[in-house]
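Heads up, the thing below is written out as structure tokens.
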Amino acid sequence: RLVELRRTMESERAYKEAAQKAVEELKQQLEEQAVKEEVEERLEQLSVENEELVAKLQAAEARLKKWEELMDLQTVGPSGLTKADAMIKKLKEENTKLAAELRQQSNVFRPVSDADDNADAAWNALLREKGALEKQYATLTAQQAALKHENEQKAFEREDLLAAQVRLSQKHQKVVAELQQLSAKFTVLSIDGTQSEL
């Protein structure tokens, strides 16, 4: 009977040890699962942040390109004028040419007899052409003023834009590095989990 009691106690001890081991393994699996879920959640969050940063970087690069084009207008050419000044000079020359054409057409002989339909038609055509030239003259003048205003207004923003792009680039690099670290950690956890199951 003593032997039987001893066997029973050994069986209970073995059962308790097995149960304790099973509990510890389950606890470890739960902890690993919690870490995996946390890593997955962080990975997803960082992916979203990365996409947003990429979009911001692209927008900043587009704006920077525009400002660089504006700054390029300040480049002094062989003539000693900046590109912007050269464009303005060209517009002024075109304006002067158009004004001369307008004056010349204004001096065209106006038919005295209203009975001459052909002469009236020619005169009306000249008037329409004169109106079109005046409109073109006004457009060129407005373009000249707008170009000068935009050039003066936007040039000073280039340095701020460059600084903002540098900050965005640094943050983007930091997020990418963290993504790589978490991806590596997640891979290790996945391998450990697979080995535990085996």
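So the sequence shown is numbered by the UniProt record's numbering: it starts at 1 and just counts up by one. Beta carbons are placed, not taken as given, at the ideal position from N, Cα and C, and that holds for glycine. Keep in mind the model is a prediction, meaning the values are calculated, not measured.
Item                                                                                                                                              : Value
Just to check my reading of the structure: Leu182 and Asn50 have Cβ atoms closer than 8 Å, yes? What is that Cβ distance to the nearest angstrom? : Not confirmed; about 12 Å, so no contact.
Nearest to Ala163 by alpha carbon, out of Tyr137, Leu64 and Leu147?                                                                               : Leu64
Give the single residue among Ala145, Ala18 and Leu43 whose Cα lies nearest to the Cα of Val176.                                                  : Leu43
Comparing alpha-carbon positions, which option in Glu17, Glu37, Leu26 and Glu93 lies nearest Lys185?                                              : Glu37
Return yes when the Cβ of Tyr137 is within less than 8 Å of the Cβ of Ala99, no when it is not.                                                   : yes
How many angstroms separate the CA atom of Pro111 from the CA atom of Leu133?                                                                     : Unreliable positioning characterises Pro111 in this predicted model, as indicated by a pLDDT of 47, which lies under 50. The coordinate reading is nonetheless provided below. One C-alpha to the other measures close to 22 Å.
In or out: Phe109 buried (at least 16 other Cβ within 10 Å) or exposed?                                                                           : Legend: pLDDT at Phe109 = 46, less than 50; position of this residue unreliable, value from coordinates given subsequently. Under this definition Phe109 is an exposed residue.
Take Leu168 as the anchor and find which of Glu61, Lys90, Lys130 and Glu41 has the nearest alpha-carbon.                                          : Glu61
Return the CA-CA distance between Lys97 and Lys135, expressed in angstroms with no decimal places.                                                : 14 Å
Could you tell me which of Leu26, Leu140, Glu12 and Lys16 sits nearest to Glu93, measuring between CA atoms?                                      : Leu140
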